[in-house]
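Read through the structure below, which is laid out as structure tokens, and then see the notes.
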Amino acid sequence: MDKVCVITGASAGIGVGIALSMVEKGGIRRLALVARRREKLEEVAQQCKKAGATDVLILAKDLSDLRSCAEAVQETVQHFGSKTV
Ligand SMILES: NC(=O)c1ccc[n+]([C@@H]2O[C@H](COP(=O)([O-])OP(=O)(O)OC[C@H]3O[C@@H](n4cnc5c(N)ncnc54)[C@H](OP(=O)(O)O)[C@@H]3O)[C@@H](O)[C@H]2O)c1
13 MDKVCVITGA SAGIGVGIAL SMVEKGGIRR LALVARRREK LEEVAQQCKK
63 AGATDVLILA KDLSDLRSCA EAVQETVQHF GSKTV
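Take the sequence shown: its letters are residues 13 to 97, numbered as in the numbering used here.
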């Protein structure tokens, strides 16, 4: 089973670089991208798919809110399956 990589702060800056590096250099095909701005995450998801990602989950969450952190984990497990996270 392919690994899943969860990247926070994925809508800008270092997080975008990490997401693309994970795909291009790390061979990761399945990603969960987390930040508040959904439209930016959608752009990054497209970039990741162009680079070879096959399944990119977008999680528009404010991680200063603990409930949102828990939701991000739960939705990642739900999407990719519990054995992969
Ligand atoms: N750039 C550098 O050279 C450098 C050097 C050393 C350390 N750092 C540190 O590394 C971190 C990232 O730096 P960066 O330059 O990549 O910053 P950046 O371009 O401002 O990106 C910050 C990321 O965090 C997300 N974010 C901010 N608040 C959030 C929240 N409450 N919930 C969810 N996501 C949130 C932003 O997305 P949304 O706005 O869409 O939520 C964005 O994706 C920062 O803590 C910075 O201080 C940076």
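Every residue, glycine too, gets a C-beta built ideally from N, C-alpha and C.
Ligand 1 and residue i: does the residue's C-beta get closer than 7 angstroms to at least one heavy atom of that ligand?
{"i": "R79", "result": "no"}
{"i": "V16", "result": "no"}
{"i": "T88", "result": "no"}
{"i": "I26", "result": "yes"}
{"i": "T66", "result": "no"}
{"i": "R49", "result": "yes"}
{"i": "A31", "result": "no"}
{"i": "V46", "result": "yes"}
{"i": "A84", "result": "no"}
Count the other CB atoms within 10 Å of the CB of residue i; is the residue buried (16 or more) or exposed (fewer)?
{"i": "R79", "result": "exposed"}
{"i": "I26", "result": "exposed"}
{"i": "T88", "result": "buried"}
{"i": "S76", "result": "exposed"}
{"i": "K62", "result": "exposed"}
What does DSSP give as the partner residue(s) for residue i in the beta ladder?
{"i": "T66", "result": "BP columns for T66 are empty, so no partner."}
{"i": "I19", "result": "L45"}
{"i": "L71", "result": "V46"}
Just checking my contact of residue i with residue j at CB under 8 angstroms: how many whole Å lie between their CB atoms?
{"i": "L43", "j": "L71", "result": "Actually they are not in contact, since the Cβ atoms of L43 and L71 sit about 10 angstroms apart, beyond 8 angstroms."}
{"i": "A24", "j": "A31", "result": "A24 to A31, Cβ: 11 angstroms. No contact."}
Consult DSSP for residue i and reduce its assignment to one of helix, strand or coil.
{"i": "K52", "result": "helix"}
{"i": "S76", "result": "coil"}
{"i": "A82", "result": "helix"}
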